[in-house]
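J.: Submitted below is the structure of interest, expressed as structure tokens.
2 protein chains.
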Amino acid sequence: MGTTQLETVPEPKYWHLKNVLTEALDSEFSVGEILPNERDLAARYGVARATLRQALEQLELEGRLQRRRGVGTTVAPPRMGVAVGSEEQTWPGEGDDAWQAADCQAAPAPPAVTELLETGREEDVHTVRRTRVSHGQPVAAELLYVPDASVPDLSGIDAPSGAARARAVLRELHRLELEGEYRAVELGSASAEDAKELDRLPGSPVLVVTTRFYAGGRTAAVSVATYRADTCRLTFGDAGGVEIDPTPERRAS
Amino acid sequence: MGTTQLETVPEPKYWHLKNVLTEALDSEFSVGEILPNERDLAARYGVARATLRQALEQLELEGRLQRRRGVGTTVAPPRMGVAVGSEEQTWPGEGDDAWQAADCQAAPAPPAVTELLETGREEDVHTVRRTRVSHGQPVAAELLYVPDASVPDLSGIDAPSGAARARAVLRELHRLELEGEYRAVELGSASAEDAKELDRLPGSPVLVVTTRFYAGGRTAAVSVATYRADTCRLTFGDAGGVEIDPTPERRAS
DNA sequence: TAGTGGTCTAGACCACTGC
DNA sequence: CAGTGGTCTAGACCACTAT
């Protein structure tokens, strides 16, 4: 850095600071290392703590830092790639797919999902909760909505709720022939519930993946999965069998 | 502060405020409507402006609000779905794909891209800039990196740079047989350049879509596209021909 | 208990938009 | 020009984690 022109461009302090810190991160810190605390850092760079925090927030958003209350700020490892969609489409829970079924309740789906499923507004649907763990870390929390019409033979199952019932719902679902998937990704913020499962604070940025599963000419199930945006890079497709560990870029010095 | 419960759950003010505003948005405002200014809103809810802003930032992140300096805060329309990947894989610019080539320069690619392309660190690659407009709004800015090896017959083209050359590069690229695509989506923040193209402030949250195009057993091109996270929902696949306008949920009253 | 990040305040000034 | 959101400050207290 050295220079800084004053001419014509009043670059915000936090933006400049973010760039300075990015370089420092690249050159002077290694993954997992703890940064000085916010008060010290602010003092060192001659800014108010709030301004310093604005820069740190950006860096956290970009996956460069991880902050934990009561602990400190650490240099984050490169984001991990998590496979979300591939060539061969499969039902959730089919094969061994990194997800763990946690629970299943009968409850009305949120309006947005109701519309996709074309179910009644007050109608109960099977609501399966699953979590996904990768590299020992929770990366996603999912709610899978399955209308009773998609799993008509479920009645015989004893377990009224819980993981056992969740697995039963999935098993029944697999009996249908999957005709297609339609997926959407958007930015969201973690609900209180999801935040707890993801070990983050409520409001943390998440990537929301909504998947509609088609069977028998209708939407047979809808999945809403929220991935930690700070630690995950969602991957799609498999590029003709090539599957390289992605994420180059960062390295310690 | 007046009272408020003391029992067990000190919910942050900005979080509570966000929820209150969300309901107000659902019930009392319609798309495009202008909210009261931040100072008035803060006073109305009895919080400092910074706290109010924290709530507004969350809502903007969720795509519910749009804020423009010098103008005001308006209720945002539902996010638009933009198609990013579908069953049939195509080269960028093949068919009529909503993108507009803007420029092309010869320059070294960033390290991350260099690694994917397996080109030399200092080697120049054709760098095509394109923008994508949807519903009259800029939604994405892209940099497409094409090593010379992928377009060997380009030498004869006159235009050294500019849109004409960009189109020429794409045309040459289409002569290769596309063997596969590998895509990744992650959260990022807009660079100063991208921000300008997207009509946003630098640092705004964006969805970064990195695509590797395979041909001849190698990565023949790499595209890095940044989509406005506030206005876009990225869609993948086509679910057997079904293509419904998504995004239910919001409505004015 | 000491130290961290998270929340909140009440001000100030700046940059931009529109009239 | 007046009015908007964007940046910045200097403090305070709270919630959490580790020791």
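Chains C and A supply the protein sequences, listed in that same order.
Position one of the first sequence corresponds to residue 1 (the UniProt record's numbering), numbered consecutively onward.
Position one of the second sequence corresponds to residue 1 (the UniProt record's numbering), numbered consecutively onward.
Note that beta-carbon positions come from the ideal geometry of N, C-alpha and C, so glycine has one too.
According to a CB-to-CB cut-off of less than 7 Å, which residues of the segment 198 to 231 of chain C neighbour chain A?
T.: So the list reads P202, G203, P205, L207, R212, Y214 and A229, given in the order they occur along the chain.
J.: Taking all protein chains shown into account, do 16 or more other C-beta atoms lie within 10 angstroms of the C-beta of Q58 (chain C), making it buried, or fewer, making it exposed?
T.: Classification for Q58 (chain C): buried.
J.: Measuring alpha carbon to alpha carbon, tell me which of C:T22, C:L170 and C:T226 ends up nearest E186 (chain A).
T.: For the residues C:T22, C:L170 and C:T226, the minimum Cα distance to E186 (chain A) belongs to C:T226.
J.: Go to V151 (chain C), then tell me how far its beta strand (DSSP E) extends in each direction, as first and last residue.
T.: Looking at the DSSP string, V151 (chain C) is not in any beta strand (DSSP E), and its letter there is neither H nor E.
J.: Looking at the unbroken beta strand (DSSP E) that takes in A221 (chain C), where does it start and where does it end?
T.: Its beta strand (DSSP E) spans residues R218 to R228.
J.: According to DSSP, is L207 (chain A) part of a helix, a strand, or is it coil?
T.: L207 (chain A): strand per DSSP, three-state reduction.
J.: Give, in chain order, every unbroken run of the beta strand (DSSP E) that is at least 3 residues long and sits entirely within the segment 66 to 141 of chain A.
T.: DSSP runs (the beta strand (DSSP E)) wholly in the segment 66 to 141 of chain A: 72 to 75, 80 to 85, 99 to 108 and 124 to 134.
J.: Tell me, please, whether the CB atom of G81 (chain A) is closer than 9 Å to any CB atom in chain C?
T.: Interface residue, yes.
J.: So what does S161 (chain A) bridge to, in DSSP terms?
T.: In the DSSP output, where bridge partners are listed per residue, S161 (chain A) has none listed.
J.: For P111 (chain A), is the classification buried or exposed, using 16 other Cβ atoms within 10 angstroms of its Cβ as the cut-off for buried?
T.: That one is exposed.
J.: So Q58 (chain C) contacts chain A; which residues on that side make the cut at Cβ distance below 9 Å?
T.: Residues of chain A passing the Cβ test: S189 and G203.
J.: Applying the 10 Å Cβ sphere with the 16-neighbour rule, what's the burial state of D230 (chain C)?
T.: Buried.
J.: Are the CB atoms of V209 (chain C) and S223 (chain C) nearer to each other than 9 Å?
T.: Contact: yes.
J.: Answer with yes or no whether the minimum CB distance from Y145 (chain A) to chain C is below 9 Å.
T.: Taking Cβ atoms only, chain C never reaches closer than 9 Å to Y145 (chain A), which makes this a no.
J.: Among the candidates C:G237, C:H126, C:D153 and C:D103, whose CA atom is the shortest distance from the CA of Y182 (chain A)?
T.: Of the listed residues, the one whose Cα sits closest to Y182 (chain A) is C:G237.
J.: Run down chain C in chain order and give the residues with a C-beta less than 9 Å from the C-beta of E118 (chain A).
T.: Going along chain C, no residue has its Cβ under 9 Å from E118 (chain A), so there is no contact; the nearest lies around 11 Å.
J.: Relative to the alpha-carbon of E142 (chain A), which residue among A:D103, A:T22 and A:R165 has its alpha-carbon at the smallest distance?
T.: Residue A:D103 is the option with its Cα nearest to E142 (chain A).
J.: Taking a Cβ distance cut-off of 7 Å, strictly less, list which residues of the UniProt domain "HTH gntR-type" (11 to 78) of chain C are near chain A, in chain order.
T.: From the UniProt domain "HTH gntR-type" (11 to 78) of chain C, only W15, Q58, L61 and E62 have a Cβ closer than 7 Å to chain A.
J.: Roughly how many angstroms lie between the CA atoms of G240 (chain A) and P78 (chain A), to the nearest whole one?
T.: Any reading at G240 (chain A) is ruled out, since the residue's pLDDT is 45, under 50, leaving its predicted position unreliable.
J.: At least one CB of chain A closer than 9 Å to the CB of A141 (chain C): is that the case?
T.: Not closer than 9 Å to any Cβ of chain A, the Cβ of A141 (chain C) fails to qualify, so no.
J.: On the DSSP bridge assignment, give the partners of F29 (chain A) in chain order.
T.: Note: F29 (chain A) sits in no beta bridge, so no partner.
J.: Kindly identify the DSSP beta-bridge partner or partners of A215 (chain C).
T.: The partner list for A215 (chain C) (beta bridge, DSSP) reads C:R218.
J.: Could you work out which residue in A:V82, A:Y145, A:A48 and A:V71 is closest to T219 (chain A) when comparing CA atoms only?
T.: Ranking the options by Cα distance to T219 (chain A), first place goes to A:Y145.
J.: Taking the C-alpha atoms as reference points, what is the distance between Q66 (chain C) and L116 (chain C)?
T.: Cα to Cα, Q66 (chain C) sits roughly 36 Å from L116 (chain C).
J.: Between the C-alpha atoms of T73 (chain A) and P36 (chain A), what's the straight-line distance to the nearest angstrom?
T.: Cα to Cα, T73 (chain A) sits roughly 8 Å from P36 (chain A).
J.: Name the two residues that bound the continuous alpha helix (DSSP H) containing L198 (chain C).
T.: Start and end: A192 to L198.
J.: Should A184 (chain A) be flagged as near chain C, meaning a C-beta pair shorter than 9 Å?
T.: It does; some Cβ of chain C falls within 9 Å.
J.: Assign A166 (chain C) to one of three DSSP states: helix, strand, or coil.
T.: If DSSP states are grouped into helix, strand and coil, A166 (chain C) belongs with the helices.
J.: From what residue to what residue does the alpha helix (DSSP H) around H55 (chain A) run?
T.: It should be pointed out that residue 55 (chain A) corresponds to Ala in this sequence rather than to His. Run containing A55 (chain A): R49 to L61, per the alpha helix (DSSP H) assignment.
J.: Tell me, to the nearest whole angstrom, how far the beta carbon of T119 (chain C) is from that of A109 (chain C); I am working on the premise that it is less than 8 Å.
T.: With a Cβ gap of about 7 Å, T119 (chain C) and A109 (chain C) count as contacting.
J.: Anything in chain A within Cβ reach of R233 (chain C), meaning under 8 Å, just list it in chain order.
T.: Here the neighbours are A184, V185 and E186.
J.: Please work out which residues of its chain come closer than 7 Å, Cβ to Cβ, to A190 (chain C), disregarding the five sequence neighbours upstream and downstream, and give them in chain order.
T.: Within the same chain, A190 (chain C) has close Cβ partners L198, R200, P202, G203, S204, V206 and T226.
J.: Select from C:G63, C:R39 and C:V71 the residue whose C-alpha is nearest the C-alpha of G81 (chain C).
T.: Answer by Cα proximity: C:G63.
J.: Mind checking whether V139 (chain A) and V151 (chain A) have CB atoms under 9 Å apart?
T.: Not in contact: V139 (chain A) and V151 (chain A) (Cβ atoms no closer than 9 Å).
J.: Hey, E172 (chain C) and L154 (chain C): beta-carbon distance below 9 Å or not?
T.: Yes; because the gap between Cβ atoms is below 9 Å, this pair is in contact.
J.: When DSSP builds the beta bridges, which residues end up paired with G188 (chain C)?
T.: Looking at the DSSP assignment, G188 (chain C) forms a beta bridge with C:V206.
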